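Undergrad:
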C-alpha cells in the first residue's frame, strides 16, 4: 500500500513582531503592541531549505538595538546574532540552517525586549508504522517488514 503526501515544501508562517515578550510562550498572534521596527520580509523573505527545516515555533528576542537571541519552542536558545550579519542558525542534525534571515531584512528601530515571531513547517509527511502480531503459535522462524519512501520533483 502507499500513503500519498501530495506537494510538500518547507515554509514560514505567522510572521509578526511585538514590543514585549512573555518568557516561555510562543503565541500565534500579537499579545502586545506591534513594534515600530519591521522585518522586511517582502524584499527579503525568510529563506528555508527542506534539508534544514523543522516543524517548530521561533522567536527572535532582541537583547539590544542590534543584538538578539534565536529561541525555538522545541530546542531552546539555538543562537545569538546581530542585525549586521545574516541570521542562519544551523540544524546540527543536517548541517544546514533551519532558516536564513538576510541582514538587509532587519532595518532599524529594534529595542531590547522586542520579538519577531514565526513558525516553520518542514517539507515532511507524517507516517506512522505499527506492527501487530496475532497471538498464537509461531509459524515462522524469522519475520520482517520494510518501509520505503519515494518521491519526485519538478525542479
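Residue numbers (the numbering used here): 1057 to 1211. Even for Gly, the Cβ is constructed at its ideal location relative to N, Cα and C. Here the structure is a predicted model, which is why all the values come from computation and not from measurement.
#1: Hey, how far is the Cα of residue 1188 from the Cα of residue 1130?
#2: When we look at the beta-carbon of residue 1185 and count the other beta-carbons within 10 Å, is it buried (16 or more) or exposed?
#3: By how many angstroms is the C-alpha of residue 1123 removed from the C-alpha of residue 1160?
#4: What are the start and end residues of the beta strand (DSSP E) that includes residue 1149?
#5: Can you name the start and end residues of the beta strand (DSSP E) that residue 1113 belongs to?
#6: Residue range of the beta strand (DSSP E) that residue 1138 falls in?
#7: Relative to the alpha-carbon of residue 1136, which residue among 1126, 1153, 1166 has its alpha-carbon at the smallest distance?
TA: Answer, in terms of the structure:
#1: As a first step, residue 1188 must be located in the chain shown, where it is residue number 132. As a first step, residue 1130 must be located in the chain shown, where it is residue number 74. Looking at the two C-alpha atoms, the distance is approximately 31 Å.
#2: Locating residue 1185 in the chain shown gives position 129, where the first residue counts as 1. When all chains shown are included, residue 1185 counts as exposed.
#3: Within the chain shown, numbered from 1, the residue matching residue 1160 stands at position 104. Within the chain shown, numbered from 1, the residue matching residue 1123 stands at position 67. Approximately 15 Å between the Cα atoms of the pair.
#4: As a working mapping, residue 1149 is identified with position 93 in the chain shown. Looking at the DSSP string, residue 1149 is not in any beta strand (DSSP E), and its letter there is neither H nor E.
#5: As a position in the chain shown, residue 1113 is number 57, starting the count at 1. 1112-1118 is the span of the beta strand (DSSP E), which, as asked, contains residue 1113.
#6: Taking the first residue of the chain shown as 1, we reach residue 1138 at position 82. Segment 1132-1138, the beta strand (DSSP E) holding residue 1138.
#7: Along the chain shown, one-based indexing puts residue 1136 at 80. Cα-wise, what sits closest to residue 1136 is 1126.
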